[in-house]
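Encoded as structure tokens, the structure appears first; notes follow it.
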Amino acid sequence: MIKTDILIIGAGPTGLFTVFEAGLLKLKCHLIDALPQPGGQCSELYPKKPIYDIPGFPEILAGDLTSNLLEQGKQFQPGFTLGERAETIEKLEDGSFIVTTNKGTQHHAPIIAIAGGLGSFEPRKPQLENIDTYEDNGLAYFIKDPEVYRDKKVVIAGGGDSALDWSIYLADVASEVTLIHRRNEFRGALDSVERVQELKLINKINIITPAEITALHGETKIEGVSVTKDGETKTIEADAFIPLFGLSPKLGPIGDWGLEIEKNAIKVDTVDYQTNIPGIYAIGDVNTYEGKLKLILCGFHEATLMCQSAYKRLNPGKKYVLKYTTVSGINGFDGSRKESPKAVVKAIV
Ligand SMILES: Cc1cc2nc3c(=O)[nH]c(=O)nc-3n(C[C@H](O)[C@H](O)[C@H](O)COP(=O)(O)OP(=O)(O)OC[C@H]3O[C@@H](n4cnc5c(N)ncnc54)[C@H](O)[C@@H]3O)c2cc1C
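With this note's numbering, letter number 279 in the sequence shown gets 392, and the count goes up by one each step, no holes.
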């Protein structure tokens, strides 16, 4: 059982900034995310795009914003459960909660901060017979550890950035990479498309287009796939099949937690972004209230107020006085100390 002060569901920008704000109040955080990496929409949907409306950054790549947020929160030593979806919640008699993921990992916390954005991103699965049998048996919708594919025959399906980027990466890891797409054109960054073309010319990537995977083969794990092109079907040997058809966001299991939901978002008050269940907050894109704007900076603001409220909930009767970081400095949970240089007190005679 993982124990923490604030359990954050969703490691997007809002969830990551919550770690910092909670840390200033000496509260420890643990984050759960269905994706294998932190950053939410910023890392999954547009890591290479510049954002222009983050205060203090005239321009910053979404991927760099994620790295900066991780760096800023690192001193408060957050825990992560990645690649797992928060599935169920149980309220205990003392008012605390146990959240269990789809893989059975249990987390216990007195405060829950749902920062689930558009919901957990679910992979778009191809319609293939017995596909469930092969999941985690050679078939994967995300690549968590590319080393799994070392010296293996890998078939990737898809025509976007993920399919191109992983084909390029695995060309140096796998013994054989075959990229299959139902159109001749790929939609991705120009340099990725050109690199795939180069790797095709030196036989490091096989490309089959316009074609579709029509069947999966293997007793208990992937041993081959059927590819249909121009009405003809052939079977190719494969140790792994990776369909990369994008992700579709779904509010998912959180929608069944007894929270007040309006238009696929969680209703909160605007004092501290608490939901209808005391102790459960919803911040960032996942919440709704009058005048709501789904912007990163709004998520940061909501996270800040939510942490203050959580502190009061956890420390009833204790007075909290807001201190500027320039004045108080920062005491990291890792023993680090950041502070601005002290004023020199010296008489001028
Ligand atoms: C193309 C594009 C461009 C954008 N440009 C801008 C811009 O210029 N400026 C701006 O301010 N905003 C922009 N946005 C919007 C911005 O990305 C979002 O406002 C922001 O990502 C919201 O952050 P979040 O942390 O609330 O949610 P998200 O980034 O959506 O992160 C939520 C995370 O929660 C996880 N999650 C959800 N449910 C579960 C569950 N049950 N279990 C485990 N994990 C779960 C998801 O996997 C996800 O990683 C843009 C969005 C897109 C798509």
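Heads up, the beta-carbon is just placed ideally off N, CA and C, and yes, glycines get one too.
Between the options, which lies nearest to residue i when the distance is taken from Cα to Cα?
| i | options | result |
| --- | --- | --- |
| Gly448 | Lys139, Gly371 and Leu182 | Lys139 |
| Glu415 | Thr117, Ala135 and Tyr254 | Ala135 |
| Thr333 | Asn316, Lys266, Arg308 and Gly251 | Gly251 |
| Val268 | Glu336, Leu303 and Cys142 | Glu336 |
| Ser156 | Ala378, Val458, Val384 and Leu360 | Leu360 |
| His143 | Lys162, Ala199 and Arg308 | Ala199 |
| Val309 | Gly273, Phe354 and Pro223 | Gly273 |
| Lys347 | Lys363, Leu329 and Lys187 | Leu329 |
| Gln185 | Lys204, Phe130, Leu195 and Thr201 | Phe130 |
| Tyr262 | Tyr247, Val286, Trp279 and Gln240 | Val286 |
| Leu241 | Val338, Lys380 and Gly412 | Val338 |
| Met114 | Thr218, Gln387, Asp304 and Glu375 | Thr218 |
| Phe446 | Ile145, Lys187, Ala175 and Val381 | Lys187 |
| Val132 | Gly232, Glu289, Gly192 and Leu205 | Gly192 |
| Pro223 | Leu120, Lys455 and Gly365 | Leu120 |
| Arg255 | Asp278, Asn243 and Ala124 | For the sequence presented, residue 255 should be read as Phe rather than Arg. If we check each option's Cα against that of Phe255, Asp278 comes out closest. |
| Ile159 | Gln150, Ala175 and Asp166 | The sequence given here has Tyr at residue 159, not Ile. When only C-alpha atoms are compared, the closest one is Ala175. |
| Leu283 | Glu452, Arg295 and Lys313 | Lys313 |
| Ile318 | Gly196, Ser288 and Glu298 | Ser288 |
| Ile367 | Leu137, Lys451, Ile145 and Met419 | Ile145 |
| Gln463 | Ile390, Pro454, Tyr386 and Cys411 | Nothing in the structure corresponds to residue 463, since the chain is present only between 114 and 462. |
| Lys141 | Gln150, Gly153 and Gly128 | Gly128 |
| Thr439 | Lys266, Lys455 and Lys425 | Lys455 |
| Thr194 | Lys116, Ala253 and Tyr247 | Lys116 |
| Ala253 | Phe354, Ile390, Asp382 and Val384 | Phe354 |
| Gly442 | Gly169, Gly123 and Ser453 | Ser453 |
| Asp245 | Gly331, Thr201, Glu203 and Ala351 | Gly331 |
| Asn377 | Tyr424, Gly152, Leu137 and Gly365 | Gly365 |
| Asp369 | Glu203, Gly153 and Ala276 | Glu203 |
Going by DSSP in three states, residue i sits in which element: helix, strand or coil?
| i | result |
| --- | --- |
| Arg450 | strand |
| Ile202 | strand |
| Pro391 | coil |
| Val132 | helix |
| Gly196 | coil |
| Pro236 | strand |
| Pro362 | strand |
| Gln188 | coil |
| Thr220 | Sequence check: residue 220 is His here, not Thr. Strand, per DSSP. |
| Ile269 | strand |
| His414 | helix |
| Glu242 | coil |
| Asn400 | strand |
| Glu307 | helix |
| Asp369 | helix |
| Thr507 | The displayed coordinates of the chain run from 114 to 462. Any statement about residue 507 would go beyond what the structure contains. |
| Val261 | helix |
| Ile326 | strand |
| Asn181 | helix |
| Leu357 | coil |
| Asp146 | strand |
| Ser288 | coil |
| Pro168 | coil |
| Gly125 | coil |
| Gly344 | coil |
| Ile461 | coil |
| Gly176 | helix |
Please classify residue i as buried or exposed, where buried requires at least 16 other C-beta atoms within 10 Å of its C-beta.
| i | result |
| --- | --- |
| Asn400 | buried |
| Phe210 | buried |
| Gly430 | exposed |
| Ala460 | exposed |
| Gly301 | buried |
| Asp258 | exposed |
| Leu303 | exposed |
| Gln190 | exposed |
| Glu197 | buried |
| Val457 | exposed |
| Ile315 | exposed |
| Gly371 | exposed |
| Gly169 | exposed |
| Asp382 | exposed |
| Pro151 | buried |
| Thr201 | exposed |
Report back the beta-carbon spacing between residue i and residue j to the nearest angstrom; my notes put them in contact at under 8 angstroms.
| i | j | result |
| --- | --- | --- |
| Asp118 | Leu427 | 7 angstroms |
| Pro126 | Leu182 | 6 angstroms |
| Ile164 | Leu148 | Rounded, the Cβ-Cβ distance is 19 angstroms, inconsistent with contact. |
| Gly232 | Lys363 | 5 angstroms |
| Ile326 | Ile374 | With a Cβ gap of about 36 angstroms, Ile326 and Ile374 do not count as contacting. |
| Gly208 | Gly392 | 6 angstroms |
| Ile167 | Leu418 | About 19 angstroms; that fails the 8 angstroms criterion. |
| Lys238 | Pro356 | 7 angstroms |
| Val515 | Phe299 | With the chain covering only 114 through 462, there is no way to say anything about residue 515. |
query: Counting pairs of beta carbons, one from the region 389-404 and one from the region 217-229, are three or more of them closer than 8 angstroms?
result: The region 389-404 is in contact with the region 217-229.
- prompt: When the Cβ atoms of the region 341-349 are set against those of the region 310-326, are three or more pairs found closer than 8 angstroms?
  reply: yes
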